[in-house]
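For reference, the structure is listed below as structure tokens.
Number of protein chains: 2
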Amino acid sequence: MNNPVVLQQQTHILTEKGYEESREWVAVEQPYRVALNDREIGASMVLATGLEEFGAGFLFGQGYIDHPGQVREVLVCPEGRIEVHADVEEDFAPREVIITSGCGGTGKISREMLEGKIDPLQEYSLRFAEAGEFIRQALLASDLGQKTHCVHGCGLWAEGRMQVFFEDIGRHNAVDKVIGAILLGRAPANGAVYTTGRLTSDMVLKCARIGIPIVMSRTSASSLALAIARQAGLTLICYARPGRLNIYNAPERVRWDNPPVAA
Amino acid sequence: MNNPVVLQQQTHILTEKGYEESREWVAVEQPYRVALNDREIGASMVLATGLEEFGAGFLFGQGYIDHPGQVREVLVCPEGRIEVHADVEEDFAPREVIITSGCGGTGKISREMLEGKIDPLQEYSLRFAEAGEFIRQALLASDLGQKTHCVHGCGLWAEGRMQVFFEDIGRHNAVDKVIGAILLGRAPANGAVYTTGRLTSDMVLKCARIGIPIVMSRTSASSLALAIARQAGLTLICYARPGRLNIYNAPERVRWDNPPVAA
């Protein structure tokens, strides 16, 4: 990494006792442009980690890439440009996009996608105890989150272990990085995603489109996120804690056959 | 309001004791299109409250509207369209936009704005005790936030009282609603803003462009948010609590001449 992703900053803390100098860690937010086959598609503010994955995931989120195997190469220029080369139709056209609410980076989905049919999801189920282990590992992995209070984390669990984990200032971007990892063949889609951010429509839609069958959040989901999960048959879990899952849809993918031993 | 903004949803809570049925409140996320003088500018997912303000603030965020007094009329069609009529040049052109990171709705700023000069901010200072009162009132006003854990709140304090307070699934959108209120003459710009969301570049830039001199967050700010605050001379406060402010820039606008009486 050429550029730092956190910086220390001087601050003044004011209480009823008066001023006190302090220092805080601040997450570095940077604009990156994303190009597909030498054509610029858009620009996004990001935390400059997992940029290859971000580039691929960003293009997937906006509907330019559909499935793993299409991306041939990703080049990251530290001055703020991600170049994705992929096997897509040459006359790809921009789609009508909806800027999405919530805590989010790429934050764009096409109206077409929102109304379109979703293919069957990957086959996968998760043991209850495994879900707890995943959440524990994801929270421990989020060191920038603990340092800056300004980033969201998103991880993917499959084959009994956490395959990838990414952070970003945007919760959308962190999900895009995970999806980019799937597109680049660095993680499988038949697994479970956990994010520290709220689940809004675009995040659940992206996971459903790539085939991820289980999506968990540390916090809540919106009405439309839940509607999309129902339409796709996706297992949506909110307020996910080790030992406690609040399952909004398709609970059958969480297997309670092996509950954790009480502490 | 024609459409509900919260819904109750059935869920299953899974613990080591097994399943238990439950119900949770879920925030309703809906797409709304925004048009300026009958030309469609974009669409955004929102919480359907403060939609007139949102329409105006959305157009400001994207650079189509610059100052209060331009907006003549805002019409909200409950099926998902906000029509803003404003005195702007007829040949307004789309700008190059950067999709912004973080927790956000409109989440777009133009590169031009990011690099442009910011006019002097409004004159305003806040007593330390007043800041605490503002935070207290804003947190109490956020009933959807407490119910759904899925919305951010944003308020504006001026002339010794909270003038407006809005919620949205996107923290960007909640700020847009406050800025829209200023554009519509429903709140003054010479005051302080408090948001429950993280402060990213676009949020601080919007506040600076409309002239708001003090911006506070319940949580953190990104590096670029801080850089913009410094460039604009804006007072940026993080981790704001009644009785404790962490001031990152221009602390002189918070007057400690009247500290609160210890509880």
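Those sequence lines, one after another, are chains A and B.
Under the numbering used here, the first sequence has 11 at position 11, and the numbering climbs by one with no breaks.
Under the numbering used here, the second sequence has 218 at position 218, and the numbering climbs by one with no breaks.
In this text, a Cβ means the ideal position worked out from N, Cα and C, and glycines have one as well.
Taking the Cα positions, residue 45 of chain B is about 42 Å away from residue 18 of chain A.
DSSP, reduced to helix, strand and coil, places residue 207 of chain B within a helical segment of the structure shown. Straight-line spacing of the CA atoms in residue 123 of chain A and residue 240 of chain A works out to 21 Å. Legend: CB atoms of the segment 205-221 of chain A lying less than 9 Å from CB atoms of chain B belong to residues 219, 220, 221. Only 243, 244, 245, 246, 247, 248 from the segment 228-249 of chain A bring a Cβ to less than 7 Å from some Cβ of chain B.
Taking 8 Å as the cut-off, the Cβ atoms of residue 215 of chain B and residue 199 of chain B count as close. Setting aside the 5 residues that flank it on each side, residue 229 of chain B is surrounded in the same chain by 204, 236, 249, each with a C-beta closer than 6 Å to its C-beta; the list follows chain order. When the alpha-carbon of residue 142 of chain A is set against those of A/227, A/22, A/197, the nearest one is in A/197. Straight-line measurement puts the Cα of residue 88 of chain A at about 51 Å from the Cα of residue 190 of chain B. Under the three-state reduction of DSSP, residue 92 of chain B is assigned to coil, being neither helix nor strand. Legend: CB atoms of the segment 12-32 of chain A lying less than 8 Å from CB atoms of chain B belong to residues 12, 13, 14, 15, 16, 18, 19, 22, 24, 26, 27, 28, 29, 30, 31. Boundaries for residue 119 of chain B: no alpha helix (DSSP H) harbours it, and the DSSP string shows neither H nor E there. Neighbourhood of residue 9 of chain B in chain A, by CB distance below 7 Å: 226, 248, in chain order. Inter-residue distance for residue 61 of chain B and residue 181 of chain B is about 13 Å (C-alpha atoms, whole angstroms). Chain B has a Cβ within less than 8 Å of the Cβ of residue 256 of chain A. In this structure, the CA atom of residue 56 of chain A is about 18 Å from the CA atom of residue 169 of chain A. For the segment 115-141 of chain B, the residues whose beta carbon sits under 7 Å from a beta carbon of chain A are, in order, 128. The C-beta of residue 206 of chain B has 16 or more other C-beta atoms within 10 Å across all chains shown, which makes the residue buried. Residue environment analysis places residue 77 of chain B among the exposed positions, since fewer than 16 neighbouring C-beta atoms fall within 10 angstroms of its C-beta. Comparing alpha-carbon positions, the option among A/39, A/114, A/118, A/93 lying closest to residue 82 of chain A turns out to be A/39.
The alpha carbon of residue 132 of chain B has as its nearest neighbour, out of B/219, B/194, B/211, B/210, the alpha carbon of B/194.
At a cut-off of 8 Å between beta-carbon atoms, residue 203 of chain A makes no contact with chain B. Of all residues in the segment 165-196 of chain A, only 168, 169, 170, 171, 172, 173 come within less than 9 Å of chain B when Cβ atoms are compared, listed by chain position. DSSP links residue 7 of chain A through a beta bridge to A/26.
Relative to the Cα of residue 26 of chain A, the nearest Cα in the group A/158, A/50, A/221, A/10 belongs to A/10.
Per DSSP, residue 52 of chain A lies in no beta strand (DSSP E) segment; the continuous alpha helix (DSSP H) that holds it begins and ends at 51-61. For residue 162 of chain B, no Cβ of chain A is located within less than 8 Å of the residue's own Cβ. Distance from the Cα of residue 234 of chain A is smallest, within the candidate group A/211, A/7, A/59, A/71, for A/211. Looking only at A/8, A/6, A/13, the smallest Cα-Cα distance to residue 254 of chain B is reached by A/13. At a cut-off of 8 Å between beta-carbon atoms, residue 78 of chain A makes no contact with chain B. Listed along the chain, the chain A residues whose CB falls inside 9 Å of the CB of residue 148 of chain B are 220, 222. The C-beta separation of residue 80 of chain A from residue 30 of chain A comes to about 7 Å, placing the pair in contact by the 8 Å criterion.
At least one CB of chain B lies nearer than 8 Å to the CB of residue 200 of chain A.
In the structure shown, residue 213 of chain A falls within a coil segment according to DSSP collapsed to helix, strand and coil. About 5 Å separates the beta carbon of residue 174 of chain B from that of residue 152 of chain B, a gap short enough to meet the 8 Å contact definition. With respect to the 8 Å criterion, residue 6 of chain A and residue 144 of chain A are classified as neighbours on the basis of their beta carbons.
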